[in-house]
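Here's the structure we're looking at; comments come further down.
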């Protein structure tokens, strides 16, 4: 009987390891100091209590590294970097591990239940807009927050390490995040659709190289139609104005087009894979029902 229980538990552990999402692989190692790329960076929100900070340290697995560069992001930082409210309470925290050129930008939200509005695809889009590339970024919060302040922490970390990010691009990236979350909160539009819309617009800009605001408007309208998304006139205009700002900043989306393609594919899989997740949920439910029945049979 003990042998049967052991076998069943082994199968259970194997199934759980399959079902649970994988983290960013490069974020969990403690293989010494990388002298080429530098130390991992951890940025904590200033409003965290000591207990909350300790919890976030565990969530970000900051103690797994031999050394880290540690910073604190404040309300004044959000004012300095993206024109936010200097009285803001900062809770979202991040860990950044720089990677070699070509590695791409990989985002993991460690506490998805506590980051209520911003998805990893939204972070990716905004950071690409700001000029952040080739890094593994983990986001965590010990309390429920929208997720906007984590962006400021990332900017501060890059600034502190001497990596120049254009202030105008950072402000446009912040506006992009605001527009994305605003549209994503509308009834009938989910966050995955918003991320797909932003990504497809950027890809179209990279391919068509629009020279006027009218051409931007045409691209926005085409992508809204392609994705079957209906926006009110105000949000539609915000999108047009946002991407016209990007056009005027001469952001080279063609430079990161391969990552935009990859991001678009991932989002599309998420949008289309409802059947898979329903099936997986049913499988997991059946598994735990079988597990309960099994142990009831042992007791009886």
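Numbering (the numbering used here), first residue to last: 285 to 584.
We put the beta carbon where it would ideally sit given N, CA and C, even for glycine.
Strictly by DSSP, which residues pair up with residue 358? Answer by DSSP bridge pairing: none, since residue 358 is not bridged.
Checklist line | residue 447 classed as buried or exposed, judged by whether at least 16 other C-beta atoms fall within 10 angstroms | finding: Exposed, since its Cβ has fewer than 16 Cβ neighbours within 10 Å.
For this session: Apply the 10 Å Cβ neighbour rule to residue 606 and answer buried if 16 or more other Cβ atoms are within range, or exposed otherwise.
Result: Nothing about residue 606 can be read from this structure; the chain reaches only from 285 to 584.
(request) For residue 521, count neighbouring C-beta atoms within 10 Å of its own C-beta (all shown protein chains included) and say buried if the count is 16 or more, exposed if not. (result) Exposure of residue 521 is indicated by the presence of fewer than 16 other C-beta atoms within 10 angstroms of its C-beta.
Continuous alpha helix (DSSP H) assignments of at least 4 residues falling wholly in the region 485-525 = Within the region 485-525, the alpha helix (DSSP H) runs of at least 4 residues that lie entirely inside it are, in chain order, 497-510.
| Secondary structure, alpha helix (DSSP H): runs of 4+ residues fully inside the region 378-416 | Secondary structure in the region 378-416: the alpha helix (DSSP H) runs of 4 residues or longer, each lying completely within the stretch, are 404-414 in chain order.
Using a Cβ-Cβ cutoff of less than 8 Å, which residues in the same chain neighbour residue 355 once the five nearest sequence positions on both sides are dropped? Excluding positions up to five away in sequence, the list reads 325, 326, 327, 328, 437, 440, 441 and 444.
Exercise. Inspect the CB distances between the region 369-380 and the region 417-427 and report whether three or more fall short of 8 Å.
Key: Yes, the region 369-380 is in contact with the region 417-427.
| request: Consult DSSP for residue 562 and reduce its assignment to one of helix, strand or coil. | output: Any reading at residue 562 must be qualified, since the residue scores a pLDDT of 47, below 50, and its modelled position is unreliable; the value itself is stated next. Reduced to three states, the DSSP call for residue 562 is helix.
Please work out which residues of its chain come closer than 6 Å, Cβ to Cβ, to residue 458, disregarding the five sequence neighbours upstream and downstream, and give them in chain order. The residues are 366.
> If you follow the alpha helix (DSSP H) that residue 434 is part of, which residue opens it and which one closes it?
Replying inline: Taken as a continuous stretch (DSSP letters only), the alpha helix (DSSP H) holding residue 434 covers 433-444.
> So residue 481 packs on residue 505, CB below 8 Å; how close in whole Å?
Replying inline: The pair is not a contact, with the Cβ atoms about 12 Å apart (cut-off 8 Å).
With DSSP as the reference, label residue 375 as helix, strand or coil. In the structure shown, residue 375 sits in coil (DSSP, three-state: anything other than H, G, I, E or B).
* If you follow the beta strand (DSSP E) that residue 422 is part of, which residue opens it and which one closes it? -> Counting along the chain, residue 422 sits inside the beta strand (DSSP E) bounded by residues 419-424.
**Asked** Which residues mark the beginning and the end of the alpha helix (DSSP H) in which residue 468 is found?
**Response** Segment 451-468, the alpha helix (DSSP H) holding residue 468.
Check: If residue 466 sits next to residue 403, beta carbons under 8 Å apart, how far is it from one beta carbon to the other, in whole angstroms?
Finding: About 14 Å separates the CB atoms of residue 466 and residue 403; that is not less than 8 Å, and the two are not in contact.
> If you draw a straight line from the C-alpha of residue 537 to the C-alpha of residue 487, how long is it?
Replying inline: Their backbone Cα atoms lie some 7 Å apart in a straight line.
Check: With 16 other CB atoms within 10 Å as the buried threshold, where does residue 539 fall?
Finding: Flag for residue 539 reads exposed.
- residue 391 versus residue 499: straight-line alpha-carbon distance, rounded: Rounded to the nearest angstrom, the two C-alpha atoms are 31 Å apart.
When you compare the CB positions of residue 383 and residue 420, do they come within less than 8 Å of one another, or not? Contact: yes.
Quiz item: Over what stretch of residues does the beta strand (DSSP E) that includes residue 327 continue unbroken?
Solution: Element bounds for residue 327: 325-329.
* To do: Quickly, what does DSSP pair residue 429 with across the bridge? List them, please.
  => Beta-bridge pairing links residue 429 to 399.
**Asked** When the Cα atoms are used, what is the spatial distance from residue 337 to residue 393?
**Response** So the alpha carbons of these two residues sit roughly 17 Å apart.
- [ ] Let me know if residue 409 comes out buried or exposed under the rule of 16 or more other beta-carbons within 10 Å of its beta-carbon.
- [x] Buried, by the Cβ-count rule.
### Message
What would DSSP say about residue 342, mapped onto helix, strand or coil?
### Response
Judged by DSSP in its simplified three-state form, residue 342 adopts helix.
*asked:* Going by DSSP in three states, residue 536 sits in which element: helix, strand or coil?
replied: Coil.
#### Entry: For residue 334, three-class secondary structure by DSSP
Three-state DSSP puts residue 334 in a helix.
### Query
Are the beta-carbon atoms of residue 389 and residue 351 separated by less than 8 Å?
Contact flag unset, no.
_Proximity winner among 473, 469 and 531, relative to residue 513 (alpha-carbon distances)_ = Taking only the C-alpha atoms, the option nearest residue 513 is 473.
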